[in-house]
Amino acid sequence: MVVFEKPHALTDAVLHYCPGCTHGIVHRLVAEAIDELGIEGRTIGIAPVGCSVFAYNYFNCDMIEAAHGRAPAVATGVKRSLPENIVFSYQGDGDLASIGLCETVSTASRGENITIIFINNAIYGMTGGQMAPTSLIGQVTQTSPYGRDPKTQGYPIRICELLSTLEAPAYLERVAVNNVKNVRRAKKAILKAFQNQVDGKGFSLVEVLSACPTNWGMTPQKALEWIDEAMIPQYPLGVYRDKEAE
1 MVVFEKPHAL
11 TDAVLHYCPG
21 CTHGIVHRLV
31 AEAIDELGIE
41 GRTIGIAPVG
51 CSVFAYNYFN
61 CDMIEAAHGR
71 APAVATGVKR
81 SLPENIVFSY
91 QGDGDLASIG
101 LCETVSTASR
111 GENITIIFIN
121 NAIYGMTGGQ
131 MAPTSLIGQV
141 TQTSPYGRDP
151 KTQGYPIRIC
161 ELLSTLEAPA
171 YLERVAVNNV
181 KNVRRAKKAI
191 LKAFQNQVDG
201 KGFSLVEVLS
211 ACPTNWGMTP
221 QKALEWIDEA
231 MIPQYPLGVY
241 RDKEAE
């Protein structure tokens, strides 16, 4: 009996992420979904600019590197030219919710039959910990040293809530990966998002609340706790759109 093994859809490359970063957990969940659906041979992933910029090294499928924020546009072009392929983008909050927000909203509004895995760690990770569109009110970052002030820096952008106002998206869910229970829920959501594409149901996005101990200035354990204490109250978990259930 096999108790634990690496998904075939993951390569043997050593992940470059910081200790305690939960990108690795999400990579595994994506790879498990690809394995379970038997779609590795026809899957094309779109890597972003950000902490997961090297995602093309980690998945055993064809990968394309997109310019900063343009992954949904690239994914749209790939899917329309190769409709039988399964196309997903893997993006952080700086990539998807800042420079790429227009591409995200436009792609969702057209209901493109792609899958987006959106990592929300409330900060710009790769470039040193600047405030992101998703940073919390009062959160201290390199560019908000006294905490994010909504009077001058606005309020956090809630992507699932924003996209749920559009008619076209088929599936939107926010999950977290800070404990075993939440990881299992995240796995189900990611699997469903890929299954929707296989079934031709349209645009699916899974937002994953993820830890960034390095730029939050916390231990890995405290970072996982902070997701419960601070992030989930700001970004409630749950399904924001599921046309199949409507």
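Per this note's numbering, the sequence shown starts with residue 1, numbered consecutively.
Beta carbons: idealized from backbone N, C-alpha and C, even for Gly.
Here the structure is a predicted model, which is why all the values come from computation and not from measurement.
Annotated three-state conformation of Q142 is coil, per DSSP.
The bridge partners DSSP lists for R174 are E207, G238. The region 106-126 makes contact with the region 82-94, as at least three CB pairs between them are under 8 Å. Separation of Y235 and E5 (C-alpha to C-alpha, rounded to the nearest whole angstrom) is 32 Å. With 16 or more other CB atoms across the displayed protein chains lying within 10 angstroms of its CB, H27 is buried. The Cβ atoms of E173 and V239 sit closer than 7 Å to each other. Closest in alpha carbon position to N182, among V2, Q221, S210, is S210.
Your pair P169 and R70 does not check out as a contact, with CB atoms roughly 19 Å apart and the cut at 8 Å. Residue nearest to A55 within the set V74, R42, S89, M131 is S89 (criterion: CA-CA distance). Rounded to whole angstroms, the gap between the alpha carbons of A47 and F118 is 12 Å. Distances from the CA of G45 to each of I25, A73, P19 were compared; the closest alpha carbon is that of A73.
For the 7 Å CB-CB criterion, S135 and T143 do not form a contact.
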